[in-house]
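The structure under discussion appears below in the form of structure tokens.
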Amino acid sequence: MLEQGSTTADGRRIGKWNFYTSKQELELTYDYDSSRITFRSPDTTRYLVRTGDSWVPQRLDRAPHVLGSSDQRLQDLQRNLRYPGSALREQLQGTVVIGYTVDVTGHTKDFTVESSMSPDCDQEVWRVLTLLPDNWICAIQNGRPTPSRFYLAVRFEMMDEASFDRVQRESKRLVQSPGSTAPPPPPARPHYAHEVVVTALAIERGTRREYLSR
């Protein structure tokens, strides 16, 4: 569980909540009764903040952070995204990149499509982003709240069942085998750039091949 705490009967969060990474590392504790951060894991990476007419990576007094588990947010994104039917029919694959700003009130705005794949894929990413809770801890620079910029890349890819099963088995093997040698991790992404993958599986039906979104 990546988010732990208590709620009222109507679902409102109360008291202290702990938010974890997918590795079960505590990244944030927030007291909803006092609206205060009581723990924040150290974050000295650079984030994009406004400098003149440009977004420039800077180290901050306080880094921006979603009010919750960042990994839970990505899981919610992936669970709700669907491969658009038009893209499946045309067998389109590619990546949609959307940029957005977290303002000084802790809300998102100024959504822009930075890299388009197709109108329907762009709209699907936009749709799911707007479904997420819009509560953030804003950035602080030189003692003052400041807007920050984030990017989300969603990769739409197609894969046959055999390839998908092979990838799943290999992932489980690496997790379950303590002595196994995992491939080197990819270069770390900056904390203001996130990526999720939407996979469509090819299903053979007689002489036809159909793609189903997962």
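Read left to right, the sequence shown gives residues 1 to 214 (UniProt numbering).
For glycine and all other residues, C-beta sits at the position ideal for the given N, C-alpha and C.
Check your understanding: Do three or more CB pairs link the segment 45–56 to the segment 1–18 at distances below 8 Å?
Key -> no
Check your understanding: Nearest-angstrom Cα distance between V198 and P145?
Key -> 35 Å
Point to revise | Spatially closest choice to E157 from L92, R79, F39, by CA coordinates | key: L92
Practice item. Run the CB neighbour count on G11, radius 10 Å, all protein chains shown included, and call it buried at 16 or more, exposed below. Key: exposed
Exercise for review: Go through its chain and collect everything with a Cβ distance to Q141's Cβ below 8 Å, but skip five positions before and after it.
Suggested key: V49, Q58, L60, D61
Practice item. Give every residue of the same chain whose Cβ lies closer than 7 Å to the Cβ of T44, excluding the five residues on either side of it in the sequence, and list them in chain order. Key: R59
Exercise for review: Please list, in chain order, all residues of the same chain as M117 whose beta carbon is under 7 Å from its beta carbon, the five residues on each side excluded.
Suggested key: L92, G94, T95, V96, F156
Point to revise | Cβ-based burial, G68 [other Cβ within 10 Å; buried from 16] | key: buried
Practice item. Measure the CB-CB distance between D122 and V113 and report whether it falls below 8 Å. Key: yes
Review point. Residue range of the alpha helix (DSSP H) that E124 falls in?
Key: 119–131
Review point. Among residues of its own chain, excluding the 5 on either side of A153, which ones have a beta-carbon nearer than 6 Å to its beta-carbon?
Key: T95, V97, E195
Point to revise | Cutoff 7 Å; reference R149; Cβ partners in own chain excluding five residues on either side | key: L48, W55, G99, T101, Y192
Review point. Start and end of the alpha helix (DSSP H) containing Q24?
Key: Where Q24 is concerned, there is no enclosing alpha helix (DSSP H), given that its DSSP letter is neither H nor E.
Check your understanding: So is R73 buried or exposed if we call it buried at 16+ other beta carbons inside 10 Å?
Key -> buried
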